[in-house]
Amino acid sequence: MARAENKESVGPAARMAAAVAKKMRLKKGLTQDQLGTQMGFTGAAISAMERLIHPVSDDMLVQLERVLGGGTGIFEEMRELVRLEKLPEQFRGYAPIEQKAVALWLYANHVVHGLFQTEGYARALIAGGYPEPTPERVEELVVARMARKALFDRKPVCEIELVLDESVLRRVIGDEEVMREQLLYLAECARRSNVNLQVLPLDAGLGGKYAGDRGNLEIVETAAHDHVSYLEMQRESLLITDRTKVSTHRQQYAKIRAQALDPRRSLGFIEELAGVRR
Numbered sequence: 114m115a116r117a118e119n120k121e122s123v124g125p126a127a128r129m130a131a132a133v134a135k136k137m138r139l140k141k142g143l144t145q146d147q148l149g150t151q152m153g154f155t156g157a158a159i160s161a162m163e164r165l166i167h168p169v170s171d172d173m174l175v176q177l178e179r180v181l182g183g184g185t186g187i188f189e190e191m192r193e194l195v196r197l198e199k200l201p202e203q204f205r206g207y208a209p210i211e212q213k214a215v216a217l218w219l220y221a222n223h224v225v226h227g228l229f230q231t232e233g234y235a236r237a238l239i240a241g242g243y244p245e246p247t248p249e250r251v252e253e254l255v256v257a258r259m260a261r262k263a264l265f266d267r268k269p270v271c272e273i274e275l276v277l278d279e280s281v282l283r284r285v286i287g288d289e290e291v292m293r294e295q296l297l298y299l300a301e302c303a304r305r306s307n308v309n310l311q312v313l314p315l316d317a318g319l320g321g322k323y324a325g326d327r328g329n330l331e332i333v334e335t336a337a338h339d340h341v342s343y344l345e346m347q348r349e350s351l352l353i354t355d356r357t358k359v360s361t362h363r364q365q366y367a368k369i370r371a372q373a374l375d376p377r378r379s380l381g382f383i384e385e386l387a388g389v390r391r
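Using this note's numbering, the first residue of the sequence shown is number 114, and each one after it goes up by one.
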């Protein structure tokens, strides 16, 4: 039954990758064991991939390109498609927009934004989710989330602004060591020339004008220089293209940023929480 369920859950990109891999293996006259040896996998793993018992992994696609690709880049191209269909359903429509963005303006008030999460933080967060994911699904999601970080080093550069609510920095996810590593990584990100990171302090609501009260907010400048908003809550998502609504979100974000600590003070605050001595 478990194997049947696995086959049903395999997406079209992974199915295509498995079918192409099998055809190219047979064309080269290789057995599953022989291909596995050349790739650094067992023959059983190759069999499970071809039979869709275990969907093709990112590492396996890299090795398939090396051993069977023949310089065509076919498995390399499939990597992005396979990664995309492994993402949570509500995020799949937004993921390509994020990766092609000219600029991002982000506000997170529950947990660290996915683009800025360390592997340890992401794994603890995902594994603790509900419904509880299988260990295999946890690893799939962690790999997919870490792959999003390619945006930081993409050319042409993407300008990224992130405002983090102070509560996010104080909420320990995983354990103290995981959280310290996360804080240090945020400080590292804050030093990037294309990143502006600010902290919205807990006392931002003094006087009754707390700009972050509406929750997480993401605004994107697309490759076509249009602006869209992305909202996500309780496993549901909403991509907003209406110019009036997006304009309102941009103004809301501006108010959030205005109430935040400046970048220099924000970096110092994050390092202080991480226990960095100056």
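Backbone N, C-alpha and C define an ideal beta-carbon position, used for all residues, glycine too. Values in this document were obtained by computation on a predicted structure and should not be read as measured data.
- Here Arg-377 is exposed, its C-beta having fewer than 16 other C-beta atoms within 10 Å.
- Apart from the 5 residues on each side of it in sequence, Asp-339 sits with its Cβ closer than 8 Å to the Cβ of Thr-354 in its chain, given in chain order.
- Annotation for Asp-146: the continuous alpha helix (DSSP H) segment containing it runs 145 to 152.
- Per DSSP, Ser-342 lies in no alpha helix (DSSP H) segment; the continuous beta strand (DSSP E) that holds it begins and ends at 340 to 346.
- The C-beta separation of Arg-348 from Gln-203 comes to about 6 Å, placing the pair in contact by the 8 Å criterion.
- If you compare the alpha carbons of Ser-379, Thr-144, Leu-254 and Gln-295 with that of Asn-309, the shortest gap goes to Ser-379.
- The beta-carbon separation of Leu-165 and Leu-282, rounded to 42 Å, does not stay under the 8 Å limit for a contact.
- C-alpha of Gly-328 to C-alpha of Met-191: approximately 35 Å in a straight line.
- Between the stretch 279 to 297 and the stretch 233 to 244, the count of C-beta pairs closer than 8 Å reaches three or more; the two stretches touch.
- DSSP places Gln-311 inside the beta strand (DSSP E), whose first and last residues are 308 to 313.
- Here Gln-295 is buried, its C-beta having at least 16 other C-beta atoms within 10 Å.
- When the beta-carbon positions are compared, Val-312 and Ile-369 stay at least 9 Å from each other.
- Residue environment: Pro-168 is assigned as buried (16 or more neighbouring CB atoms within 10 Å of its CB, all protein chains considered).
- Shown here for Val-195: same chain residues with a beta carbon closer than 8 Å to its own, the five before and five after excluded, namely Gly-124, Ala-126, Ala-127, Ala-130, Pro-168, Val-169, Asp-171 and Leu-174 in chain order.
- Here the stretch 314 to 331 makes contact with the stretch 214 to 227; the two share three or more CB pairs at distances below 8 Å.
- Here Leu-228 carries a helix assignment [DSSP, helix/strand/coil].
- Under the three-state reduction of DSSP output, Asp-288 falls in the coil class, being neither helix nor strand.
- Beta-bridge annotation (DSSP): Ser-280 is not paired with any residue.
- Between Leu-277 and the set Glu-253, Ala-208 and Cys-302, the nearest pair of CA atoms involves Cys-302.
- Relative to the Cα of Thr-185, the nearest Cα in the group Val-133, Leu-254, Val-225 and Gly-206 belongs to Val-133.
- Comparing C-alpha distances from Ser-280 to each of Gly-325, Phe-154 and Glu-198 shows the shortest one belongs to Gly-325.
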